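Q: So in this note's numbering, spot 125 of the sequence shown is number 1532, and the numbers just go up one at a time. If you scroll down you'll find the structure; I have some questions about it.
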Amino acid sequence: MPTVTFCTAMPVIRAPGSFWLLWPRPVNDPFPPTVTAREMAEVDRIMTEDLAISLDQMMELAGRNLADLAGRFLTKRNSRPAHSRILLLAGSGHNGGGGLTAARHLLNRGLRVDLLVSTSPDRLKPATRRRYHTLAALRRLQKNPRVAFLPSFPSLDPYAIIIDALIGYHLSGEPHGIIRTWIETLKRQPRGRSFLLSLDVPSGFQSRSGTFSAVHLSPDVTLTLGLPKTGMDSSSFRHHSRHLYLADIGIPAEVYGRLGLGVDPALFQGKSVRRLF
C-alpha cells in the first residue's frame, strides 16, 4: 500500500465565484478504482442478498453524508447558516431516496428545505416512498414547517444550495419527461451565489459509458457513493463537475474484491467523506 503523506495544515481555498472547499486532498493520495454501472448494480445485489445489508441502511448513510457535506459548505459560506434555504430535486428512484434522507437530516439541524419530487408518492420506489412519507409526517409535526413540497419549479434566487438527486447511475440514453424539463430549467435560470451539489452522479451523466448526455447538469460538487463511477477520473468529467467527493456507504472492501477490484480497506479510515479533486 503506498505511503500517504497528509498536509500538516488545513488551508481553506476559495473557488472563484463559488464556495469554500473542504478537506484538501492528501498529497500522493491515489485515485480509487472506478466502477461501471453493471459492477455497482452487482455490489448492491451482494450487499442486500448475501450480506443482508439493506438498501435502507445504505440510503441512510448516503443521505447523512450528503447532509454533512451540504452543512459544511453552508457553515463556511454563511455566518448564519440556519437561515439558509435549500432546494432539493428528487427523482423517483433510489437516488431520490438518498436526497430525501439528506433532507430529513438537514431539517433536524434547523435548516429549511424545499422539495421538488418528480412524481406522485405512489409511483416512487418503495424505499424512496418511505422517506417521502417520513418528511410529510415531519411537516405535520412542526408548528412552523421548515419543509415544503413545491408544486412547480421555483425561482432559484432564495437558495444557498441546490441538491440534484434526480437520476442515479442507471441512466441509459437521454433524460426525459419532467426530469429533462427540470434540468433544462435549472441550466437556464441564473443561480447567483447558490451552488449545485449532485448526489452520486450529475443528472445526465451515463455511468455505463462515462460520458454526459446532451441534456445534463454541471454541478459545482458531486458526492459519489462507494467508489467513483466509470469516467469520473477523466478530464471531461472535471470539465463538467468542478469538484468530486467520495462517500462511505458501508460497502466492505471484500465485496469489491469479489468483482476483482482492489480497494484499500482503509479507504475511509478516519473520515466518511473524502475529497478526490
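Every residue gets a Cβ at the ideal spot worked out from N, C-alpha and C, and that includes glycine. Bear in mind that the values here come from a model prediction, so they are computed numbers and not experimental data.
#1: With 16 other CB atoms within 10 Å as the buried threshold, where does Ser1605 fall?
#2: Does the structure place the segment 1588-1600 close enough to the segment 1615-1633 that three or more beta carbon pairs sit under 8 Å?
#3: If you reduce the DSSP assignment to three classes, tell me which class Asp1571 lands in.
#4: Between the alpha carbons of Thr1535 and Arg1484, how many angstroms are there, rounded?
#5: Note down the Cα distance separating Pro1582 from Ser1525, rounded to an integer number of angstroms.
#6: On the criterion of 16 or more Cβ atoms from any shown chain inside 10 Å, does Glu1456 qualify as buried, or is it exposed?
#7: Under the three-state reduction of DSSP, which class applies to Val1434: helix, strand or coil?
#8: Relative to the C-alpha of Ile1658, which candidate in Ser1648, Phe1675, Leu1603 and His1647 has its C-alpha closest?
#9: In the DSSP output, what is Leu1604 paired with across the bridge?
#10: Judging by CA-CA distance, which residue of Arg1471, Tyr1652, Ser1559 and Gly1633 is the nearest neighbour of Arg1516?
#11: Assign Asp1571 to one of two classes, buried (16 or more other C-beta atoms within 10 Å of its C-beta) or exposed (fewer than that).
#12: Return the Cβ separation of Pro1439 and Leu1666 in integer angstroms, given the expectation that the two are a contact with Cβ distance under 8 Å.
#13: Can you have a look at Gln1549 and say buried or exposed, based on whether 16 or more other CB atoms are within 10 angstroms of its CB?
#14: Between which two residues does the alpha helix (DSSP H) containing Arg1479 stretch?
#15: Report buried or exposed for Arg1530, applying the criterion of at least 16 other Cβ atoms within 10 angstroms of its Cβ.
#16: Asp1521 bridges to which residues according to DSSP?
#17: Could you please give me the residues that DSSP links to Gln1613 through a beta bridge?
A: In terms of the structure at hand:
#1: Around the Cβ of Ser1605, a 10 Å sphere holds 16 or more other Cβ atoms; the residue is buried.
#2: The segment 1588-1600 and the segment 1615-1633 touch, with three or more beta-carbon pairs separated by less than 8 Å.
#3: Strand, per DSSP.
#4: Between Thr1535 and Arg1484, the C-alpha separation is close to 30 Å.
#5: A straight-line Cα-Cα distance of about 12 Å links Pro1582 and Ser1525.
#6: Only exposed fits Glu1456, as fewer than 16 other CB atoms lie within 10 angstroms of its CB.
#7: Residue confidence for Val1434 is low, a pLDDT of 48 falling below 50, so the modelled location carries little weight; the figure read from the coordinates is stated next. Of the three classes helix, strand and coil, the one that applies to Val1434 here is strand, per DSSP.
#8: Looking only at Ser1648, Phe1675, Leu1603 and His1647, the smallest Cα-Cα distance to Ile1658 is reached by Phe1675.
#9: For Leu1604, which the question treats as bridged, DSSP gives the partners Ile1570 and Val1628.
#10: Taking only the C-alpha atoms, the option nearest Arg1516 is Arg1471.
#11: Around the beta carbon of Asp1571, 16 or more other beta carbons sit within 10 angstroms, so the residue counts as buried.
#12: In this structure, Pro1439 and Leu1666 do not form a Cβ contact; the two beta carbons are roughly 14 Å apart against a cut-off of 8 Å.
#13: Gln1549 is exposed by the Cβ-count criterion.
#14: Residues Leu1462 to Arg1484.
#15: Flag for Arg1530 reads exposed.
#16: According to DSSP, which records beta bridges pairwise, Asp1521 is partnered with Leu1494 and Ala1555.
#17: Paired residues: Thr1618.
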